[in-house]
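Participant: Sharing a structure with you now.
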């Protein structure tokens, strides 16, 4: 096939005048090195972890879209107080897009690269919101013959995060876990993993319809923060499962503290005598997301054996080492169309991804509102 | 010598009608078992860690003292919302007092117990706010011949906590540390340890006179939260020392989050490129006290590599094991009158400890206002 010499790549820039711009840049199509392949990107998801880089601290309520339909230019003001945190990326035109999949349309001379020519591969390399992306052959996951690029587009971030939670639970000596924003794509995946592996999971959601969705896929323990009985329901579920570790996607507000409080109450149901320092059982909440941007507020009423901290996929994979990480990747490939299947509400082109209504849709981060970009459209 | 058959012991009780009472109970003087000694308690400090058990959730502003001068009875109402947390101790008459020292006035038949007869020993056994206390000989620390009971009264909680902080710092891979409420007895001790061992320490205080006190004993890095330049001072000190672990005695409010923010800013001064997830350097704050009872409020602006959690001496000693714990105890004994010397503002009898003005004095937890009880008075 004949390749174009230039193609589109999405770029996000924090300008020194405290505005954020997102546009499509025409960049040279790279020539793959000896050990590299050139991927025509056909499917790349908009994950919560992408939105941070995409829109930075831009005020989306004041967003405007100029340019043309094919080459939109998004502009949003950045509040002055948020600018110090943006200092590190000031004036840099940054590519976006953690993961994606597509067809290998050119390959370097090495046997490993040549072996991938014509295949559909998935990668996690950044800069995936682009029509073409060169990547080392060693970093490509060749998809099964019956899998499309869309099937493999999200096969790293969510699947490895869900598996990483279960792995962290085991490595830190817990036997059951809690997950918030549990009706998300990731949350549904975690339910499938836990059901398959026989691990008790407490799902926390914020709406009755999300609870119904999870019960519909077999979830046993679902607690709805909007229910007046939430704390009692949560404590019951924690007592029933013995969960002493939680992964919280919301980050802000009182939820992390409430989970620790519920864990302590569940543990104390069986306590033999009064301990002024609370139970000796370590209770842990990891914040892995920022859906709630308010400060985290912790009312310390659960003794002294507790921890709250950040959790991130890449440092976790580094910590467990290449062999253990590879084992997780192999499980994802083996269960790509079952346990790790992703669902998208819409598929859009690069230009459509920058239209105001589409942006409003995916930045609302509603359950089931996941968007896939197909840059080849 | 002739021992009395009964003696006084301080007791704290949460009554079912939501009042707290503290009184002196006349209890039989125990006869030591074969491996035990009987200690006439002569010095036992009122530590922050004792005040929680002593007054529970009682409202000290509404405290009343009845009874006689010799046998006062303190009563304080407990707010209804605090009663669930008190459920475990409801109606139980609990002895108080973590640590103390005194003379061994009787001993069991075993050689180890007999060897301590007539000696001044220190113990950490609970129930030390009493005129007599029986303890296993193996748990007694015989003080050097030139040390009084007052010299040894505080030789466990504060010294082992300060050494435990340094030990935790090393075991978790940090090279310098931060301490809040740094002008406390414990904080001054930590300064002496760090100066002796060549470890950089960032001291956080809340008043200029506390900063002056610490500089007077040789502290190099002192940051005052009441100074307008606090965050800048803190960030400079963190950059100068490379401290990435903190021990916070206050617990509530925004301080723990500010320390993490300062650490991240200090690390990023040398950052080479923008990382959307913040620095990869793990930043840790342990809350070991509750001086500030407000909720802990964390504005998450320091990336994802961070943790906040409870820290408590006894689980720490269990975790490091008996050999490592013994090594810490031996250092305390060796440096009892230098590094680990404690200072008291007042020495009171058991009955005086329950007078309204004395209670107001030591529950204010002001710097330098530490009180020692001498139950033999």
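Protein chains in written order, with the UniProt record's numbering: chain A, 1 to 377; chain B, 1 to 377. The C-beta atom is built at its ideal place from N, Cα and C for all residues, glycine as well. Since the model is a prediction, treat every value here as computed from it, not as a measurement.
1. Pull up the CB-CB distance for residue 211 of chain B and residue 222 of chain B, whole angstroms please, since I reckon it's below 8 Å.
2. Step through the CB atoms of chain B and report whether any lies within less than 7 Å of the CB of residue 53 of chain A.
3. Given residue 75 of chain B, which residues of its chain have a CB within under 6 Å of its CB, disregarding the five upstream and five downstream residues?
4. Per DSSP, what kind of secondary structure is residue 119 of chain A in: helix, strand or coil?
5. Between residue 81 of chain B and chain A, is any beta-carbon pair separated by less than 7 Å?
6. To which residues of the same chain is residue 172 of chain A closer than 6 Å at the C-beta, ignoring the five residues directly before and after it?
7. Hey, would you say residue 37 of chain A sits closer than 7 Å to residue 123 of chain A, going by beta carbons?
8. Given this structure, state the Cα-to-Cα distance separating residue 100 of chain A from residue 149 of chain A, to the nearest angstrom.
9. Tell me whether residue 135 of chain A sits in a helix, a strand or coil according to DSSP, three-state version.
10. Can you tell me which of A:11, A:137 and A:78 puts its alpha carbon nearest to the alpha carbon of residue 32 of chain A?
11. Report the neighbours of residue 317 of chain A on chain B: residues whose CB is nearer than 9 Å to its CB, in chain order.
12. Would you mind sorting residue 270 of chain A into buried or exposed? The rule is 16 or more other CB atoms within 10 Å of its CB.
13. Could you tell me which of B:157, B:108, B:305 and B:320 sits nearest to residue 125 of chain B, measuring between CA atoms?
14. For residue 92 of chain A, does the three-state DSSP call read helix, strand or coil?
15. Leaving out the 5 sequence neighbours to the left and right, which residues in its chain are closer than 6 Å to residue 190 of chain B when beta-carbon positions are compared?
16. Is the region 279–299 of chain A touching the region 296–305 of chain B, taking contact as three or more C-beta pairs under 8 Å?
17. Assess, as a yes-or-no matter, whether the region 44–59 of chain B is touched by the region 76–94 of chain B under the definition of 3 or more beta carbon pairs within less than 8 Å.
18. Please classify residue 366 of chain A: is it buried, with 16 or more other beta-carbons within 10 angstroms of its beta-carbon, or exposed?
19. Would you mind reading off the limits of the beta strand (DSSP E) that contains residue 229 of chain A?
20. Which chain A residues are close to residue 167 of chain B, counting only those with a beta carbon under 7 Å from its beta carbon?
21. Do you know offhand how far residue 188 of chain B's Cα is from residue 201 of chain B's?
22. Can you tell me whether residue 377 of chain B is buried or exposed? The criterion is at least 16 other CB atoms within 10 Å of its CB, across all chains shown.
23. In or out: residue 206 of chain A buried (at least 16 other Cβ within 10 Å) or exposed?
24. Mind pulling the chain A residues with CB within less than 9 Å of residue 297 of chain B?
25. Apart from the five residues just before and just after residue 82 of chain A, which ones in its own chain have a Cβ nearer than 6 Å to its Cβ?
26. In whole angstroms, give me the CA-to-CA distance for residue 372 of chain B and residue 348 of chain B.
27. Could you work out which residues of chain A lie near residue 259 of chain B, taking near to mean beta carbons separated by less than 8 Å?
28. I think residue 292 of chain A touches residue 257 of chain A, with their Cβ atoms under 8 Å apart; what is that distance to the nearest whole Å?
29. I need the straight-line Cα distance from residue 39 of chain A to residue 325 of chain A, nearest angstrom please.
30. Would you mind telling me which residues of chain A sit closer than 9 Å to residue 251 of chain B, beta carbon to beta carbon, in chain order?
31. Residue 277 of chain B versus chain A: which residues are under 7 Å apart at the beta carbon?
32. My guess is that residue 154 of chain B and residue 342 of chain B are in contact by the Cβ rule of under 8 Å, so how many angstroms apart are they, rounded?
33. Could you list which residues in chain A have their beta carbon closer than 9 Å to that of residue 304 of chain B, in chain order?
34. Could you please give the first and the last residue of the uninterrupted beta strand (DSSP E) stretch that includes residue 294 of chain A?
35. Using CA atoms only, rank isn't needed, just tell me which of B:115, B:131 and B:345 is closest to residue 96 of chain B.
36. Short of 8 Å Cβ to Cβ, which residues in the region 125–137 of chain A face chain B?
Facilitator: Taking the definition as stated:
1. Contact between residue 211 of chain B and residue 222 of chain B holds, since their C-beta atoms are separated by about 5 Å, short of 8 Å.
2. Among the residues facing chain B, residue 53 of chain A is included, as its CB has a counterpart in that chain under 7 Å away.
3. Result list for residue 75 of chain B: 19, 21 and 64, in chain order.
4. Coil, per DSSP.
5. It does not; no Cβ of chain A falls within 7 Å.
6. Nothing meets the Cβ criterion.
7. Going by C-beta atoms, residue 37 of chain A is not nearer than 7 Å to residue 123 of chain A.
8. One C-alpha to the other measures close to 8 Å.
9. Residue 135 of chain A: strand per DSSP, three-state reduction.
10. Considering only A:11, A:137 and A:78, the residue with the shortest C-alpha distance to residue 32 of chain A is A:137.
11. Neighbours of residue 317 of chain A on chain B: none; closest Cβ ~13 Å, over 9 Å.
12. Residue 270 of chain A comes out exposed.
13. Answer by Cα proximity: B:157.
14. Three-state result, residue 92 of chain A: coil.
15. So the list reads 162 and 179, once near-sequence residues are dropped.
16. With three or more CB-CB distances shorter than 8 Å, the region 279–299 of chain A counts as touching the region 296–305 of chain B.
17. Flag = yes, the region 76–94 of chain B and the region 44–59 of chain B touch.
18. Exposed is the call here.
19. Note, residue 229 of chain A: premise wrong, no beta strand (DSSP E); not H, not E.
20. Those within 7 Å of residue 167 of chain B in chain A number zero; the least Cβ separation is about 17 Å.
21. C-alpha of residue 188 of chain B to C-alpha of residue 201 of chain B: approximately 11 Å in a straight line.
22. Around the beta carbon of residue 377 of chain B, fewer than 16 other beta carbons lie within 10 angstroms, which makes this residue exposed.
23. Buried, because 16 or more other Cβ atoms sit within 10 Å of the Cβ of residue 206 of chain A.
24. Correct list: 295, 296, 297 and 298.
25. Here the set comprises 57.
26. Straight through space, the alpha carbons of residue 348 of chain B and residue 372 of chain B are spaced by roughly 6 Å.
27. Near residue 259 of chain B there are no residues of chain A at all, since even the closest Cβ is about 14 Å away, more than 8 Å.
28. So it is not a contact: roughly 13 Å between Cβ atoms.
29. In a straight line, the C-alpha of residue 39 of chain A is about 24 Å away from that of residue 325 of chain A.
30. 300, listed in chain order.
31. For the C-beta of residue 277 of chain B, the chain A residues within less than 7 Å are, from N- to C-terminus, 312.
32. The Cβ separation is near 4 Å, so the contact holds.
33. Per Cβ cutoff of 9 Å: 287, 288, 309, 310, 311, 312 and 315.
34. Residue 294 of chain A -> beta strand (DSSP E) spans 292–298.
35. That would be B:131, whose Cα lies nearest to the Cα of residue 96 of chain B.
36. Per Cβ criterion, the list is empty.
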